[in-house]
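In the numbering used here, the protein residues as written are 1049 to 1572. Structure record follows, encoded as structure tokens.
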């Protein structure tokens, strides 16, 4: 620690005597400075021991000394050293009373102690403190490096860092989730800082921010050197970090950043292997794919999995989705096969696992943020998710995911599962501009006919088609005679120029009617 007034008083060679402010001798001394100016405050930075002989002071004037001492105390001066036996044989009572009143430490300097000796003592103590800090910092760096090279994960590194800073430390992934903390009790405290970590993540790395108060000061440091942070480190202490502690934190940030970069390189190699496995699965070669997958992806192929295809208009949203899934899989120990394909990514993830759940939660949060105009193409990310499958059915699962992706894009949703399409109705698929244009073109002439009050051809056509061409049943639904209905259907054929005996015509007319009905609520 830096020198204090107490350490200077205890210095046997200086022979200093405390005359006022004895209860504040633990004040750190940043420097010792001699000045005979009547107002030296403009030249002070705070923390100095001011050495004076009172050559230019009205030291026996009580009011003058009160103003002088108040100015010094307000500027953060650590204390005053008054040399006796030069201009005054003893410290003037006015100065002594002013120092006691302001609580400013006042030290008596004997004539045989030159100011230079005090300055040298302060300088030597500061240099010794800096040397201890640097030495401790290098020792911390060696210990942290050893922990990082051990390859046992970040837990040991965080434990050693927490011991060096006499506080706690925590590591976050890109989603803001706590990966590890030391001591163990710090995990709960660190989890409350996730919103601060998320805000830090949006700033270019490296970045830092201090949160909390003087009793629980937390410093957050981003990890990574690229466009986006790859994680964050939190260190909590009861006070601002000293030089030694700062060395330790900077070393931890550098080591964790290197570890992250190394992980990204390994991830790139795994990604290339995953691409080869995916190609073999799509080619209908599950045995070859399993042999190539080895221990890395073999476990994923031994149980049902989902195939999802994600694409994004905004790169940031794309990165967040993939990083969220990666972080979830890492926390649970799941294998995750992720292969970029141009502007989108193909993922194989365990059915019912945390990665698929994280993807669904991310998509749900995106849908809840705000209604989007223009559909999913304006959103951050769009995902199509296949039904559960095994290695032999990956090609079919890929088609399912593409179909779900297409529907998600058309409906303006962040995620659609293929099971929704298989278990649901085809009618929602008719809510498409192209289908509506087709329906409008096919039925416009009938609507125009009915609008002129010359019959109810659209309702009659709907009833006839719904009854599969049964004249009596359809006429009963309409409340008209069957001959009236036959006449109306002949008019439909004449107006449309199409024969209702053609099953394709009947199918097209039914879909056109349904598309019109599906569009009606949106237009009201």
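Even for Gly, the Cβ is constructed at its ideal location relative to N, Cα and C.
Environment of residue i [buried if 16+ CB atoms lie within 10 Å]
i: residue 1111; result: exposed
i: residue 1091; result: exposed
i: residue 1466; result: buried
i: residue 1578; result: Residue 1578 lies beyond the stretch modelled for the chain, which goes from 1049 to 1572, so this question has no answer here.
i: residue 1317; result: exposed
i: residue 1281; result: buried
i: residue 1489; result: exposed
i: residue 1096; result: buried
i: residue 1236; result: exposed
i: residue 1536; result: buried
i: residue 1270; result: buried
i: residue 1103; result: exposed
i: residue 1400; result: exposed
i: residue 1183; result: exposed
i: residue 1356; result: buried
i: residue 1179; result: exposed
Residue i versus residue j - alpha carbon distance
i: residue 1451; j: residue 1516; result: 31 Å
i: residue 1081; j: residue 1221; result: 49 Å
i: residue 1225; j: residue 1171; result: 46 Å
i: residue 1509; j: residue 1561; result: 9 Å
i: residue 1410; j: residue 1336; result: 34 Å
i: residue 1084; j: residue 1128; result: 12 Å
i: residue 1565; j: residue 1484; result: 10 Å
i: residue 1250; j: residue 1454; result: 30 Å
i: residue 1371; j: residue 1441; result: 27 Å
i: residue 1062; j: residue 1099; result: 13 Å
i: residue 1541; j: residue 1553; result: 10 Å
i: residue 1212; j: residue 1354; result: 46 Å
i: residue 1420; j: residue 1461; result: Its pLDDT being 49, under 50, residue 1420 is placed unreliably in this model, and the value from its coordinates should be taken loosely. Rounded to whole angstroms, residue 1420 to residue 1461 spans 9 Å at the Cα level.
i: residue 1551; j: residue 1459; result: 30 Å
i: residue 1412; j: residue 1463; result: 8 Å
i: residue 1378; j: residue 1169; result: 55 Å
i: residue 1173; j: residue 1403; result: 56 Å
i: residue 1423; j: residue 1432; result: For residue 1423, the predicted structure reports a pLDDT of 44, less than 50, and the residue's modelled location is therefore unreliable. The matter cannot be settled from this model.
Identity of the residue in the options nearest residue i by Cα
i: residue 1157; options: 1497, 1120, 1449 and 1059; result: 1059
i: residue 1076; options: 1115, 1328, 1513 and 1177; result: 1177
i: residue 1163; options: 1095, 1131 and 1151; result: 1131
i: residue 1382; options: 1367, 1343, 1086 and 1389; result: 1343
i: residue 1438; options: 1459, 1462, 1138 and 1397; result: 1397
i: residue 1513; options: 1529, 1542, 1531 and 1557; result: 1557
i: residue 1264; options: 1216, 1279 and 1067; result: 1216
i: residue 1151; options: 1078, 1073, 1338 and 1203; result: 1073
i: residue 1135; options: 1105, 1404 and 1087; result: 1105
i: residue 1071; options: 1125, 1153 and 1089; result: 1153
i: residue 1328; options: 1468, 1446, 1223 and 1228; result: 1446
i: residue 1242; options: 1230, 1232, 1259 and 1233; result: 1259
i: residue 1348; options: 1123, 1204 and 1322; result: 1322
i: residue 1140; options: 1494, 1252 and 1101; result: 1101
i: residue 1369; options: 1149, 1142, 1143 and 1223; result: 1223
i: residue 1493; options: 1449, 1545 and 1521; result: 1545
i: residue 1233; options: 1340, 1161, 1207 and 1245; result: 1207
i: residue 1303; options: 1148, 1126, 1120 and 1204; result: 1204
Nearest-angstrom Cβ-Cβ length linking residue i and residue j, presumed shorter than 8 Å
i: residue 1539; j: residue 1491; result: Actually they do not touch by this definition, with Cβ atoms about 14 Å apart.
i: residue 1359; j: residue 1245; result: About 27 Å; that fails the 8 Å criterion.
i: residue 1198; j: residue 1218; result: About 19 Å separates the two Cβ atoms, so there is no contact after all.
Beta bridge counterpart(s) of residue i as assigned by DSSP
i: residue 1386; result: 1395
i: residue 1230; result: 1217
i: residue 1081; result: 1098
i: residue 1358; result: 1393 and 1431
i: residue 1130; result: 1100 and 1156
heavy atom of the ligand SAH below 7 Å from residue i C-beta
i: residue 1055; result: Of ligands this structure carries none, so the ligand SAH is not represented either.
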